[in-house]
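First comes the structure, then the notes that go with it.
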């Protein structure tokens, strides 16, 4: 078997790969923003006093954390339109499944950091006569949000990598275009390696940034 | 030292007043207060009075409920039975369903400083001090900032106004915590082992702040393990064990010739006498 690789060929497809990366980033960032906001709301529902608010939120989170993302994606892509009896544009159902996944893991992040605010901080609020609104808005939420920045960014990095799954329903993301090119050119080694390198080049600095923020910034404020 | 003289003078004055109960109204009255944590009874139908110009030091073995007493008075812990009056008005009570009712207007007259400072780490010193006055008590921001500046100035910390708690030493944090509590002009300050987490060289600076407050006739309730400081600052002392007041008297008597055996035992242990 002739093992000659032509990695330089990758560069003639740079615009297609870059487009793919663009789609990947678009879905990741979109789902990260909407999912984070939704996740924050879910985390508040999970600490609510009423069980009618708490339990649906819990069920949702446990379901999305406890099932493979690929099944969630397929289910929303293939099953939801059948159940609703209505077509859903592919981009919408893919975005929806990514948002729901992100919101589920992010709500756990927020819940963890809300819980991590010590009882002493709550005591101080009482001793200073802070009412619930001031305590939540000015004391607890800011600290919880600051603390959740590093895990939140890790969540986004995970989402970025997991998003390769959306290629399986035909979204032309980085994974999709590189596997397409690799089969049409018959050069999987070059193009799949190139895709891996591109994912890494984006994800690696992001994880470094998380560490940096944790060490330099959060130690001072939270 | 001027402060010390002043304090001794005040103590003498108080002693005279208390003998004849002249001009000193009760500020805090615990009436049969019971507090349980599960099966453990940390306050057992406790009765305790504190007068308006007292600086009451609470001593006792660990687990005797000293901190709980302060936390109950701050409204941080519900009680199981009994009631507390503040300034001769009902403050904490238990309703027919066993729920603790706390009068919030009265609670705002009580300030508390904790062992671990409990500053808000995401706010600057100024932010820590002005949060409650501005957001809850409707004070104008500039007025609150002026007052914060004044209090910090008195504690020698005006240059730390915009620092974050993470950048301060333990002693500085505790001074800010005291100043933050004073911002609300409480009638009574509670100090819960406020020097226990500090390095020895910082203990003195906090004790000095408290002695200065004493000079300004601030009513205080102090839980401490430092018996020398307790003797120095107190106008009245109480020994608590097993959820009950064992002995309550003038600190001179308490630390020199306590009447109760349990008080003697305890003081001998902590003061390393024989």
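Chains as they are written, first to last, in full-length UniProt numbering: chain A, 1 to 222; chain B, 1 to 274.
Note that the Cβ used here is the ideal one computed from N, Cα and C, for glycine as well.
Own chain, CB closer than 7 angstroms to residue 178/B, minus 5 neighbours either side, in chain order: Correct list, in chain order: 113 and 209.
Interface residues of the segment 112-129 of chain A facing chain B [CB-CB below 7 angstroms]: 120, 121, 123, 124, 126, 127, 128 and 129
Residue 105/A versus residue 35/A - alpha carbon distance: Cα to Cα, the separation comes out at about 9 angstroms.
Residue 223/B vs residue 70/B beta-carbon contact at 7 angstroms: yes
Members of the segment 184-211 of chain B near chain A, C-beta cut-off 9 angstroms: 184 and 190
Residues of its chain near residue 189/A, where Cβ-Cβ distance is below 7 angstroms and the 5 sequence neighbours each way are ignored: Answer for residue 189/A: 5, listed in chain order.
Cutoff 7 angstroms: residue 86/A Cβ touching any chain B Cβ: no
Contact set between the segment 143-169 of chain A and chain B, restricted to residues whose Cβ is under 7 angstroms from the partner: 143 and 146
Validate contact between the segment 60-67 of chain A and the segment 116-134 of chain A using beta carbons, cut 8 angstroms, 3 pairs: Segments in contact, no.
Which of helix, strand or coil DSSP assigns to residue 196/B: coil
Chain-ordered residues of the segment 148-180 of chain B with a beta carbon less than 8 angstroms from chain A: 164, 166, 167 and 180
Completely contained beta strand (DSSP E) runs for the segment 41-100 of chain A, where each covers 3 or more residues: none
The alpha helix (DSSP H) enclosing residue 151/B, as first and last residue numbers: Secondary structure note for residue 151/B: its alpha helix (DSSP H) is the uninterrupted segment 141-154.
Sufficient close CB pairs (3 or more, under 8 angstroms) joining the segment 142-158 of chain A to the segment 106-122 of chain B: yes
Residue from 118/B, 33/B and 57/B whose Cα sits closest to the Cα of residue 43/B: The closest CA to that of residue 43/B, considering only 118/B, 33/B and 57/B, is found on 33/B.
Residue 218/B: contacting residues in chain A (beta-carbon distance under 9 angstroms): Simply none; closest approach about 16 angstroms.
Rounded separation between residue 201/A and residue 171/B - CA only: 47 angstroms
Per-residue burial, residue 166/A [other beta carbons within 10 Å of its own, 16 or more giving buried]: Buried: at least 16 other Cβ atoms inside 10 Å.
Residue range of the unbroken beta strand (DSSP E) whose run includes residue 32/B: Residue 32/B -> beta strand (DSSP E) spans 26-37.
Rounded straight-line distance, which links the Cα of residue 150/A to that of residue 214/A: As the crow flies, the alpha-carbon of residue 214/A is around 6 angstroms from that of residue 150/A.
Chain-ordered residues of the segment 13-30 of chain A with a beta carbon less than 7 angstroms from chain B: none
Inter-residue CB distance, residue 20/A and residue 176/A (contact presumed, cutoff 8 angstroms): 6 angstroms
Proximal residues, the segment 74-90 of chain B versus chain A, C-beta separation under 9 angstroms: 74, 75 and 76
Rounded distance between the beta-carbons of residue 98/A and residue 159/A, thought under 8 angstroms: 7 angstroms
C-beta neighbour in chain D for residue 134/A, strict 7 angstroms: Chain labels in this structure do not include chain D; the protein chains are A and B.
Chain A residues whose Cβ lies nearer than 8 angstroms to that of residue 131/B: Residues of chain A passing the Cβ test: 128, 130, 134, 138 and 139.
Rounded Cβ spacing between residue 28/B and residue 188/B (contact assumed at less than 8 angstroms): 7 angstroms
For residue 231/B and residue 98/B, the rounded distance between their alpha carbons: 38 angstroms
For residue 260/B and residue 247/B, believed in contact at Cβ under 8 angstroms, the rounded distance: 5 angstroms
8 angstroms contact criterion, which residue 175/B and residue 128/B should meet: CB distance rounded: Actually they are not in contact, since the Cβ atoms of residue 175/B and residue 128/B sit about 12 angstroms apart, beyond 8 angstroms.
Residue 102/A versus residue 155/A - alpha carbon distance: 8 angstroms
Cβ-based burial, residue 8/A [other Cβ within 10 Å; buried from 16]: exposed
Cβ neighbour criterion (16 or more within 10 Å) applied to residue 274/B: Only weak support is given to the placement of residue 274/B: the predicted model assigns it a pLDDT of 45, under 50, and the question is left unresolved by the model.
Presumed contact (8 angstroms Cβ cut-off) between residue 59/B and residue 237/B, rounded CB distance: 7 angstroms
Check whether residue 229/B and residue 207/B have beta carbons under 7 angstroms apart: yes
Buried versus exposed call for residue 236/A [16 or more other C-beta atoms within 10 Å across all chains shown]: Chain A is shown only over 1 to 222; residue 236/A falls outside these bounds and no answer can be derived.
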